[in-house]
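Top to bottom, those sequences are chains G and H.
With the UniProt record's numbering applied, the first sequence corresponds to residues 1 to 332, in that order.
With the UniProt record's numbering applied, the second sequence corresponds to residues 1 to 258, in that order.
Backbone N, C-alpha and C fix where the C-beta goes; we use that ideal spot for every residue, glycine too.
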Amino acid sequence: MITTSDLRKVYRAQGRPGSTTEIAALDGVDLHVRQGEVYGVVGTSGAGKSTLIRCVNLLERPTSGSVSVDGRELTTLSPAELRETRRSIGMVFQHFNLLARRTVAENVELPLELAGLSRRERAAKAAELLDLVGLADKAKAYPAQLSGGQKQRVGIARAVAGDPKVLLSDEATSALDPETTRSILQLLRDLNRQLGLTVLLITHEMDVIKSVCDSAALMRGGRVVESGTLHELLERPGSELARQLFPLGEGEPLQGSTLVDITFQGEATAQPFISQLSRTYNVDVSIVGAAVETVGGRQVGRMRVSLPGSFEENVVPIGFLREQGLQVEVAA
Amino acid sequence: MGWNDMQPLLVQATQETLWMVGLAALATVLLGLPLGLLLALTRRGGLLANAPVNKLVGTVVNVGRSLPFVILIVAIIPFTRWVTGTTLGWQAATVPLAVGAIPFFARLVETAVADVDGGLIEAVQAMGGGAWTVVRKALLPEALPALISALTTTVIALIGYSAMAGTVGGGGLGTLAINYGYMRFETTFMWVIAAELVVLVTLVQLVGEGLARSLDHKRPAAASRWTFRRSVPTQTSAAPEAAETAAQETELTGSALR
Numbered sequence: 001m002i003t004t005s006d007l008r009k010v011y012r013a014q015g016r017p018g019s020t021t022e023i024a025a026l027d028g029v030d031l032h033v034r035q036g037e038v039y040g041v042v043g044t045s046g047a048g049k050s051t052l053i054r055c056v057n058l059l060e061r062p063t064s065g066s067v068s069v070d071g072r073e074l075t076t077l078s079p080a081e082l083r084e085t086r087r088s089i090g091m092v093f094q095h096f097n098l099l100a101r102r103t104v105a106e107n108v109e110l111p112l113e114l115a116g117l118s119r120r121e122r123a124a125k126a127a128e129l130l131d132l133v134g135l136a137d138k139a140k141a142y143p144a145q146l147s148g149g150q151k152q153r154v155g156i157a158r159a160v161a162g163d164p165k166v167l168l169s170d171e172a173t174s175a176l177d178p179e180t181t182r183s184i185l186q187l188l189r190d191l192n193r194q195l196g197l198t199v200l201l202i203t204h205e206m207d208v209i210k211s212v213c214d215s216a217a218l219m220r221g222g223r224v225v226e227s228g229t230l231h232e233l234l235e236r237p238g239s240e241l242a243r244q245l246f247p248l249g250e251g252e253p254l255q256g257s258t259l260v261d262i263t264f265q266g267e268a269t270a271q272p273f274i275s276q277l278s279r280t281y282n283v284d285v286s287i288v289g290a291a292v293e294t295v296g297g298r299q300v301g302r303m304r305v306s307l308p309g310s311f312e313e314n315v316v317p318i319g320f321l322r323e324q325g326l327q328v329e330v331a332a
Numbered sequence: 001m002g003w004n005d006m007q008p009l010l011v012q013a014t015q016e017t018l019w020m021v022g023l024a025a026l027a028t029v030l031l032g033l034p035l036g037l038l039l040a041l042t043r044r045g046g047l048l049a050n051a052p053v054n055k056l057v058g059t060v061v062n063v064g065r066s067l068p069f070v071i072l073i074v075a076i077i078p079f080t081r082w083v084t085g086t087t088l089g090w091q092a093a094t095v096p097l098a099v100g101a102i103p104f105f106a107r108l109v110e111t112a113v114a115d116v117d118g119g120l121i122e123a124v125q126a127m128g129g130g131a132w133t134v135v136r137k138a139l140l141p142e143a144l145p146a147l148i149s150a151l152t153t154t155v156i157a158l159i160g161y162s163a164m165a166g167t168v169g170g171g172g173l174g175t176l177a178i179n180y181g182y183m184r185f186e187t188t189f190m191w192v193i194a195a196e197l198v199v200l201v202t203l204v205q206l207v208g209e210g211l212a213r214s215l216d217h218k219r220p221a222a223a224s225r226w227t228f229r230r231s232v233p234t235q236t237s238a239a240p241e242a243a244e245t246a247a248q249e250t251e252l253t254g255s256a257l258r
């Protein structure tokens, strides 16, 4: 649905007189977002994720590379064609960007005005959308009278008013408290399911990825260093994203013991493999860290355990764990 | 000189002043608004960033603002004659008034428009709006309260200029004050005229401020349309902003009258 290939964005910063330094905000980004999925791009500030999402609807024009949305190559469109295409790409902003002098309903109607709908059609559509986001009673209020979470709901209603195929979310929950964040993410998830909307969101919070995304990409220094569906990532040995999604802490290995990271998902979660291991091989297992979460409706967990003795002494128990369908990595 | 003598003179002069200020204000909005908008849009990082155009328009505006008003009146006499066919009376004074106020208002418009949050521009662009749509749907409506304040300041400056135009036969209250109050030592009459100008300026300020506030929905408290009516007589909640506009105003008129 959204594909970028070898996307580059270079900013020229004026240095000392006569010299300019070039900063690559995007340094060859390939991104592939499938139809109907929620795709999260995560990274620290300055990683280039904001530039990336702004390149997807060409609010920012990439220096080179291509962006295609719904099979349409954006970088070669004429200004009028680009405006037309943007109508099928909704965008939600961190600071909501609602027009202060328009009521809630009027804000939602704005994209419909641009699309040339009649007053009656606009009003009907706005009412329907406000109902969908749970703000039917606030239609005549002004944005200043709303809480942050309500403002973002209006922002989302406005973004989907033109029946877009794609929704871009630029740190939509970063200005909100955890409780509100959850409800906004839930709303995005609902819209994704009900309207079949493809969502590309950027965030700096791993929790956002964990709670709504089907796929994720990790950005650093203008590059995507890792990407895939959440399940793929969890199964991938040495995945940095998986480690960040389920942090296990930096437990120091005890003298003469072996640290093992175990990732389990699906049916494996129901198996009492720790006690089986303990009983079968008569080893004392101590748990250093563990996290169990539901990702995309499936239980997944990561656990860091410490086995007595060196790695050589533990080859057999580790083999046993792998036989159980678990993903096992020797940490130290 | 009794009230019966003063009254007809006052009524006529007031009408002249209102015509002159009104027409000049109209011309100022019609020409100053697009000019200010052009300045804001062509700024660096603006929607239609264009350094040469910005520099050119900016220079013209700066020259217009630097000329002392009295010199402006004389300097554009040929233009005034071409427009109105005369160089005397309130009709003639309207031309230099407008010419003096247009660059002044344009700068205020530029500031007001540039103050609109860039995120709103992006929001409209992201939903498929072009430059003109951004201006129509975001910039002008969102800047409206600030534009009303700018117009208020400009109209008050115009009232001041119009009195000055009186010194060179421009008609209106200024001429009356000079001819009777100053030349004929009718001190009382001069004070009456001064008082009328004070009332005029105060009224414009109150109406402008109230209108700007009633249009501004940025603060939750100002959301109701009725705040305008209530806040005019009480004026308590308006204190901090009133002080602010007043400060800005003295600064602006000060530079304009240089």
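Annotation for Ser227 (chain G): Ala217 place their beta carbon closer than 6 Å to its own, counting only its chain and skipping 5 residues before and after.
Listed along chain G, the residues sitting closer than 7 Å to Thr133 (chain H) by beta-carbon distance are Leu114.
Bridge pairing for Arg236 (chain G): absent [DSSP]. Not flagged as an interface residue toward chain G: Gly46 (chain H), since no C-beta distance is shorter than 8 Å.
DSSP places Glu313 (chain G) within a helical segment (H, G or I) once states are collapsed to three. Contact check for Val285 (chain G) against Leu259 (chain G) fails: the beta carbons are separated by 8 Å or more. As the crow flies, the alpha-carbon of Val10 (chain G) is around 6 Å from that of Thr63 (chain G). Burial of Phe104 (chain H) is indicated by the presence of at least 16 other C-beta atoms within 10 angstroms of its C-beta. If you look at Tyr39 (chain G), you'll find it in the beta strand (DSSP E) that goes 38-42. Inclusion of Leu33 (chain H) and Pro145 (chain H) in the CB contact set at 8 Å is not warranted, their separation being larger than that value. Between the C-alpha atoms of Arg87 (chain G) and Ile2 (chain G) there is a straight-line separation of about 15 Å. If only complete runs of 4 or more residues are kept, the region 142-208 of chain H shows the alpha helix (DSSP H) at 172-176, in order along the chain. With a contact defined as Cβ atoms closer than 8 Å, Ile148 (chain H) and Gly208 (chain H) qualify at about 6 Å.
For the pair Leu112 (chain G) and Gly162 (chain G), the CB atoms are nearer than the 8 Å cut-off. Chain order gives no chain H residues near Phe320 (chain G), where near means a beta carbon separation below 9 Å; the closest approach is about 54 Å.
Counting C-beta atoms within 10 angstroms of its own C-beta, Thr42 (chain H) has 16 or more neighbours from the protein chains shown and is therefore classed as buried.
Judged by DSSP in its simplified three-state form, Gln186 (chain G) adopts helix. Nearest in C-alpha terms to Asn192 (chain G), of all of G:Gly301, G:Gly90, G:Gly221, G:His231, is G:Gly90.
Not one beta carbon of chain H lies nearer than 8 Å to the beta carbon of Gly148 (chain G). In the three-state DSSP reduction, Thr258 (chain G) falls in the strand class (E or B).
DSSP places Gln299 (chain G) within a strand segment (E or B) once states are collapsed to three. Counting other Cβ atoms within 10 Å of its Cβ, Leu26 (chain H) stays below 16 and is therefore classed as exposed.
Within 9 Å of the CB of Arg87 (chain G), the CB atoms of chain H belong to Met127, Gly128, in sequence order along the chain. Taken residue by residue, none of the region 32-46 of chain H has a beta-carbon sitting less than 8 Å from a beta-carbon on chain G. A direct Cα-to-Cα measurement between Gln35 (chain G) and Val316 (chain G) gives close to 44 Å. Judged by beta-carbon spacing, Thr153 (chain H) lies beyond the 8 Å limit of Leu211 (chain H), meaning their Cβ atoms are not closer than that value. Here the C-alpha atom of His204 (chain G) lies approximately 15 Å from the C-alpha atom of Leu168 (chain G).
Bridge partners of Pro308 (chain G) according to DSSP: G:Ser257. When 9 Å is used as the limit between beta carbons, Leu215 (chain H) is near these residues of chain G: Arg101, in chain order.
Residues Leu245, Glu293, Val295 of the same chain have their beta carbon placed closer than 7 Å to that of Lys210 (chain G), with the five preceding and five following residues left out of the count. Interface residue (Cβ-Cβ distance to chain G less than 8 Å): Lys137 (chain H) is classified as such. When 9 Å is used as the limit between beta carbons, Gly119 (chain H) is near these residues of chain G: Phe93, Gln94, His95, Phe96, Asn97, in chain order. In this structure, the straight-line span from the alpha carbon of Ile274 (chain G) to that of Asn282 (chain G) is close to 11 Å. Remark: C-beta atoms of Ala157 (chain G) and Leu132 (chain G) approach each other more closely than 8 Å. Annotation for Thr4 (chain G): the continuous beta strand (DSSP E) segment containing it runs 2-14. Of the candidates H:Gly130, H:Ala143, H:Leu176, H:Leu176 places its Cα closest to the Cα of Pro8 (chain H).
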